[in-house]
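Those protein sequence lines, which keep their order, are chains A and B. Just so we're aligned: 15 in our numbering is position 15 of the first sequence, and the numbers increase by one with no gaps anywhere. Counting from 1 along the second sequence, just add 1000 to a position and that's the residue number in our numbering. The structure appears below as C-alpha cells.
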Amino acid sequence: MTTYYTEDHEWITVDGDVATVGITKYAAEQLGDVVFVEVPEAGASFAKGDDMAVVESVKAASDVYAPVAGEVVEGNAALADAPETVNEDPEGKGWFCKLKLVDAGELGSLMNADAYKAFCDGL
Amino acid sequence: MRLSQKNYAIDLGLFPLGSCTMKHNPRLNEKLARLPGFADIHPLQPQATVQGALELIDELATWLKTLTGMPAVAMSPKAGAHGEFCGMMAIRQALVARGEAETRKRVLVPASAHGTNPATAVQCGFIVDEIKANARGRVDMDELKAKLEMSDDIAGIMLTNPNTCGLFETDIKEIADLIHAAGGYFYCDGANFNAIVGRVRPGDLGVDAMHINLHKTFSTPHGGGGPGSGPTVLSDALAPYAPVPFVVKDEDGVFRLVEDMEGDASESFGRMVAFHGQMGMFVRALTYMLSHGADGLKQASEDAVLNANYIQARLKSVMTPAFDGYCMHEALFSDAFTADGIETIDIAKSLIDEGYHPMTMYFPLVVHGAMLIEPTESESKAELDRFCDSLEAIARRAAQGDETMKGAPYLAPMRRLDETQAARKPVLKWTPPETSSVAAE
C-alpha cells in the first residue's frame, strides 16, 4: 500500500485498484473542529479534481476534491454522526470514501509523504 | 430594557465587521420612513394614489444610475445575494437570447470572493471556475488569461471591487475587456461600493451588472435591523432582460409600474418578488443621499478609506498586514504575529472584554487566521484611537502567548460559547425549565 498526497491536502492510499481517500492531518488542524462532513455515496463517479465531499468546521466550509478519477465503492457513513473523527484520526478512521481507480497512472502526478511534508513546511 | 442594554449596537460603539459595512443609520432616515405617506400605503393600492412613492423609487433609481454610470437598474432585489441572482439571471437570459445558454456555462470567480458569488452562479445553472489571487491579493492575470484562452464556454466573471481583501482590483479595466473579448459578461459584486462612491463609476470600468447593498453603502439598517435591499444596475447589454416590475415616467408626468412581460418588458427574465422591493429602505437610502448630496457621498467613501488606512498604519507594527501597501475601506491582517497556541478567535473574544464587537474573522479564506477590520467613515479619530489602543494591547498579549486570552470573554454576560458543540449537537427546540407549579404562580 502506498499513500499519495495532493496540494489540496487530500491523502489517497492505494491497495490494488481500490484507494481510500481522506484529508490530511495538516488540513484537519488548519480547519479546526470539524462539525459536518458530507461524503459521496457508492456509485458516484468523479474526474480528477472534481468536488467530491464537503467538510465544514467552526472556521470554514471547504470542498474536498477527488485526487484522481474513480468510482465510489463506499462512503464513510460513520462521519455523519461523528464528524470529530476527522480531527481525532484524519489519516485513519476519519477516511472519507473508497474509490475504484480509473487510471492508476494519474497517481504519478501526486506527492509522496516526503514531498508533501516539504510542501506543508513551505506554507 | 435591561436585556436590550446587554446588546451591542452601532449606536453604542465601533462595529468593525469587515466586509459587512456596519454603517451609522441616521435617525433622519427613520423619521422620514415613518411618514404616513410612505409607511401607511399598500402595494396593491391604485397607482394614482401612490404617485409620490413611485416618484421616490424613480428618483432613487436615478441616483443609483448616476452614481454607478449605468443605464438601468432593477429595484426589486431584496438583499445582496438576491441582487447577484438578479444580475446572473439577466446574464443567463442574455445568453439565451444569443442562443448560447447551453454552450456558455462557465463563470470565473476569484478565490477571495464572497461565498454567495459561487453559490449564485450555481443556482443559476452555471459551473464555477476559481481563479487564484496573486501575491498582491488581486486577481492573477496570467491565470485569468490562460483560462480565457483555453475555452469558449465563458459566461462571465463575478468579481468584487474593492475585493474582499480590502484592495482595489487595479487590473479591473483589462479584466473587463478580456471577458468581453471572450464573449462573457462582467458581474461586479457591489458589496464594497461604499469605498468608491463618487470616485469611480463601475459603468466606466466595463461592468455589466452590479448589485448595490443599500444596507451597506447607503446607510439603511444592516443585520438584525434589516431588511436588506439590493438594487442591481445593468449595462445596455443586459438592460432589456431586467426583471419586472419597474417604474417608468410617462410623457404626461405620471409614474407607472410595468408589471407584465410585454412592451418595454417583453424580454424580461421574469419577476423576483411579489411586489416592488423594500419600500422602507428606498425611503431611508434616498434620505441619506439627499442629506449628504453628491459631494457628501464622495467624502463618506474617502473618509471610509482614510479611517481603514489609519487603523492599518497604527496597528501594522504589532499585527501583520496581509498585504503590502494601502488598503481601501477595510484593513486585513493575518495571524502571523501571534504566539503558538493563540488564535484569531482569542483576539476577537478579547475585544469583547474591551467593550467592542469583534472584527470579521477567518474571512477571506485566502489569508491565514484573517482579521478584517472595517471602521466605516463616521467614526472620529478619538474613537479610532481608543479602538486601536485596545487592539494594540491585545495584539501584544497575543504575541507573548498570554494563555488567559483562551478564556475570553470574561466580562460579557455570556462567557465563551462552545461553538463546536453548538454546531455538532445543536439544541434547536426550547424546552421549558422544570419548575413546580407553586413557584410559577
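By construction, the Cβ of each residue, glycine as well, lies at the ideal position given by its N, Cα and C atoms.
Below-8 Å beta-carbon distance, residue i vs any chain B residue
i	result
T6/A	no
A60/A	yes
P67/A	no
P90/A	no
V35/A	yes
P40/A	no
Which listed residue (the options) has its alpha carbon closest to that of residue i
i	options	result
S1112/B	T1420/B, A1393/B, D1418/B and Y1362/B	Y1362/B
M1279/B	S1019/B, G1355/B, R1027/B and A1053/B	A1053/B
D15/A	H9/A, E7/A, T2/A and A27/A	T2/A
Q30/A	D1402/B, E1343/B, S1301/B and D1418/B	E1343/B
N1307/B	S1380/B, D1335/B, H1024/B and R1284/B	S1380/B
R1284/B	P1227/B, E1030/B and G1183/B	E1030/B
D1208/B	A1090/B, P1118/B and D1153/B	A1090/B
Q1299/B	T1217/B, G1341/B, V1050/B and E1354/B	T1217/B
G1166/B	N1194/B, M1141/B, E1174/B and K1147/B	N1194/B
L1372/B	I1311/B, K1147/B, L1067/B and V1122/B	I1311/B
V18/A	K100/A, L123/A, M111/A and A115/A	K100/A
S1266/B	A1239/B, F1255/B and H1276/B	A1239/B
R1424/B	L110/A, A82/A, E71/A and L107/A	A82/A
G108/A	A44/A, V37/A, A28/A and K48/A	K48/A
S1219/B	L1028/B, P1426/B and W1430/B	L1028/B
G1037/B	N1117/B, C1188/B and V1050/B	V1050/B
K93/A	V54/A, V72/A, A77/A and A104/A	A77/A
G1083/B	H1357/B, N1025/B, M1158/B and V1427/B	M1158/B
L1365/B	S1019/B, W1430/B and K1006/B	S1019/B
D1389/B	M1405/B, D1340/B, P1432/B and V1318/B	V1318/B
E1383/B	K1006/B, V1367/B and I1010/B	I1010/B
P1231/B	L1044/B, S1378/B and L1286/B	L1286/B
A69/A	V39/A, Y5/A, D63/A and D50/A	D50/A
N-terminal and C-terminal residue of the alpha helix (DSSP H) that residue i is part of
i	result
K1031/B	R1027 to A1033
A1141/B	Note that residue 1141/B is Met in the sequence shown, not Ala. First-last of the alpha helix (DSSP H) with M1141/B: M1141 to M1150.
K117/A	A113 to D121
H1255/B	For clarity, residue 1255/B is Phe in the given sequence; the question names His instead. Taken as a continuous stretch (DSSP letters only), F1255/B belongs to no alpha helix (DSSP H), being part of the beta strand (DSSP E) at F1255 to V1258.
I1175/B	I1172 to A1181
Y26/A	K25 to L31
G1156/B	From DSSP, G1156/B is part of no alpha helix (DSSP H) but of the beta strand (DSSP E) over I1154 to T1160.
L1214/B	L1214 to T1217
Cβ distance (whole Å) where residue i is taken to contact residue j below 8 Å
i	j	result
V1247/B	D1058/B	5 Å
T1021/B	E1302/B	Not quite, the Cβ-Cβ distance comes to about 15 Å (not below 8 Å), so this is no contact.
A1398/B	I1347/B	6 Å
A1304/B	H1329/B	4 Å
E91/A	W11/A	6 Å
G1156/B	F1186/B	6 Å
L1205/B	K1173/B	6 Å
Within-8 Å CB hit, residue i to chain A
i	result
Y1362/B	yes
L997/B	There is simply no residue 997/B to check, as chain B begins at 1001 and stops at 1441 in what is shown.
T1420/B	yes
A1336/B	no
A1079/B	no
R1424/B	yes
A1439/B	Low confidence applies here, because A1439/B scores a pLDDT of 49, under 50, leaving its location unreliable and the question unanswered by this model.
Boundaries (first-last residue) of the beta strand (DSSP E) holding residue i
i	result
C1188/B	Y1185 to D1189
F1246/B	F1246 to K1249
I12/A	E10 to D15
K98/A	C97 to L101
A1061/B	Careful: A1061/B lies outside any beta strand (DSSP E), inside the alpha helix (DSSP H) at Q1051 to T1068.
T3/A	T2 to Y5
L1234/B	T1232 to L1234
Proximity test, Cβ basis, 8 Å: residue i and chain C
i	result
K1006/B	In summary, chain C is missing from the structure at hand, where the protein chains are A and B.
Problem - Every unbroken alpha helix (DSSP H) within the stretch 1070 to 1125 of chain B, with a cutoff of 4 residues, ordered by chain - result: 1080 to 1098 and 1116 to 1123
Problem - Ordered list of beta strand (DSSP E) runs contained in the stretch 1309 to 1346 of chain B, each at least 3 residues - result: 1331 to 1334
Handout entry: alpha helix (DSSP H) runs contained entirely in the stretch 50 to 82 of chain A, provided each spans 4 or more residues
Key = 78 to 81
Handout entry: Minimum length 3: unbroken beta strand (DSSP E) runs contained in the stretch 1274 to 1304 of chain B
Key = none
Problem - Complete runs of the alpha helix (DSSP H) confined to the stretch 1399 to 1431 of chain B [at least 4 residues] - result: 1419 to 1424
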